[in-house]
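Undergrad: Right, I'll just put the structure down here and ask away after.
2 protein chains.
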Amino acid sequence: MRAAALPVNYGRIGVRDNSGLEDMQDDIKTALTAFRNSIDNLDAAMIYLMAERFKLTQKVGEFKRDHDLPPADPAREQKQIARLRTLAQQSHLDPDFAERLLRFVIDEVIHNHQRIRKA
Amino acid sequence: MRAAALPVNYGRIGVRDNSGLEDMQDDIKTALTAFRNSIDNLDAAMIYLMAERFKLTQKVGEFKRDHDLPPADPAREQKQIARLRTLAQQSHLDPDFAERLLRFVIDEVIHNHQRIRKA
Chain A
10 MRAAALPVNY
20 GRIGVRDNSG
30 LEDMQDDIKT
40 ALTAFRNSID
50 NLDAAMIYLM
60 AERFKLTQKV
70 GEFKRDHDLP
80 PADPAREQKQ
90 IARLRTLAQQ
100 SHLDPDFAER
110 LLRFVIDEVI
120 HNHQRIRKA
Chain B
10 MRAAALPVNY
20 GRIGVRDNSG
30 LEDMQDDIKT
40 ALTAFRNSID
50 NLDAAMIYLM
60 AERFKLTQKV
70 GEFKRDHDLP
80 PADPAREQKQ
90 IARLRTLAQQ
100 SHLDPDFAER
110 LLRFVIDEVI
120 HNHQRIRKA
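Structural data, given as structure tokens:
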């Protein structure tokens, strides 16, 4: 069976990525490109989701500044971590990774809130 | 105007979080709880999305092991970073954050691929 033709135009968003695969057999290349296409779709969703999340936390930051509330809220964070660890278990994601991911995002949010406060 | 009643049951997934807000005015509490509810919804979406992404990269890891391909692929990563930075700009997310987020996720993937290879 002949492998499906691979898209090769790299110049635009949404274009399919087979970079680094030039020397592989066609069937291996095709399989890996299919995986990458799906990963790229999920990553686009992740970016749009994060864009919305940071719009919300930007508003929260301004709200906290206006009402003189502290940027960080350890009690809230503990609830978030526990909840996301449970969701991770249910969806078969490593709960430790879920916790580190949330920590990574929250650290950025707190950094932004501190910046809003100083502005 | 009387503030809307706040949900107070913390024990289950999906329950609304007003922890740390006990001493606030009702209207401030209500506004902050509304923000948190939306953030919690986006975070649940993020976890499910990541669960699917890691299912895919798990398969890619096994595929790479079976075909003796290296766990990391710098050329692919450069394409991913450039694409996500552009998507971040389009959706008004900080491109530097988008790049650091992808790096964070890819590092976990590479770590998992190395583990698959040793198993």
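Line by line, the protein sequences are chains A and B. In this text, residue positions in the first sequence follow the numbering used here: the first is 10, and each later residue adds one. In this text, residue positions in the second sequence follow the numbering used here: the first is 10, and each later residue adds one. For every residue, glycine included, the Cβ atom is placed at its ideal position computed from N, Cα and C.
Any beta carbon of chain A sitting closer than 8 Å to that of aspartate 32 of chain B?
TA: no
Undergrad: According to a CB-to-CB cut-off of less than 9 Å, which residues of the region 45-58 of chain A neighbour chain B?
TA: Arg45, Ser47, Ile48, Asp49, Leu51, Asp52, Ala53, Ala54, Met55, Ile56, Tyr57 and Leu58
Undergrad: Quick one: using the 10 Å Cβ neighbour count with 16 as the cut-off for buried, is aspartate 52 of chain B buried or exposed?
TA: buried
Undergrad: Where does aspartate 103 of chain A fall in DSSP's three states?
TA: coil
Undergrad: Note down, in chain order, each residue of its chain lying with its Cβ closer than 8 Å to the Cβ of arginine 62 of chain B, except the 5 sequence neighbours on either side.
TA: Val114
Undergrad: Drop a sphere of 10 angstroms on the beta-carbon of lysine 73 of chain B, count the other beta-carbons inside from all chains shown, and report buried for 16 or more, exposed for fewer.
TA: buried
Undergrad: Using 10 angstroms around the beta-carbon of aspartate 77 of chain A, count the other beta-carbons present and answer buried if the total reaches 16, otherwise exposed.
TA: exposed
Undergrad: I'd like to check one pair, isoleucine 56 of chain A with leucine 93 of chain B: are the Cβ atoms closer than 8 Å?
TA: A contact, by the Cβ cut-off of 8 Å.
Undergrad: So is threonine 39 of chain B in contact with chain A if we call contact Cβ pairs under 8 Å?
TA: No, its Cβ sits nowhere closer than 8 Å to a Cβ of chain A.
Undergrad: Closer than 8 Å, Cβ to any Cβ of chain B: which residues of the region 60-72 of chain A, in chain order?
TA: Ala60, Glu61, Arg62, Phe63, Lys64, Leu65, Thr66, Lys68, Val69 and Phe72
Undergrad: Does the contact criterion of 3 or more C-beta pairs under 8 Å hold for the region 114-124 of chain A versus the region 96-104 of chain A?
TA: no
Undergrad: Using 8 Å as the threshold, is the C-beta distance between phenylalanine 106 of chain B and valine 69 of chain A below it?
TA: no
Undergrad: Near valine 118 of chain B, what residues of its chain come up, given a Cβ to Cβ distance below 6 Å and the 5 sequence neighbours on each side ignored?
TA: Thr66
Undergrad: Just to make sure I have the definition right: I need the residues of chain A whose C-beta is within less than 9 Å of the C-beta of glutamate 117 of chain B. Which are they?
TA: Here the neighbours are Asp103, Phe106, Arg109 and Leu110.
Undergrad: Of all the CB atoms in chain A, is at least one closer than 8 Å to the CB of alanine 128 of chain B?
TA: At a cut-off of 8 Å between C-beta atoms, alanine 128 of chain B does not count as an interface residue with respect to chain A.
Undergrad: Could one say the Cβ of alanine 97 of chain B lies closer than 8 Å to chain A's Cβ atoms, at least one of them?
TA: Chain A, which has a Cβ nearer than 8 Å to the Cβ of alanine 97 of chain B, makes this yes.
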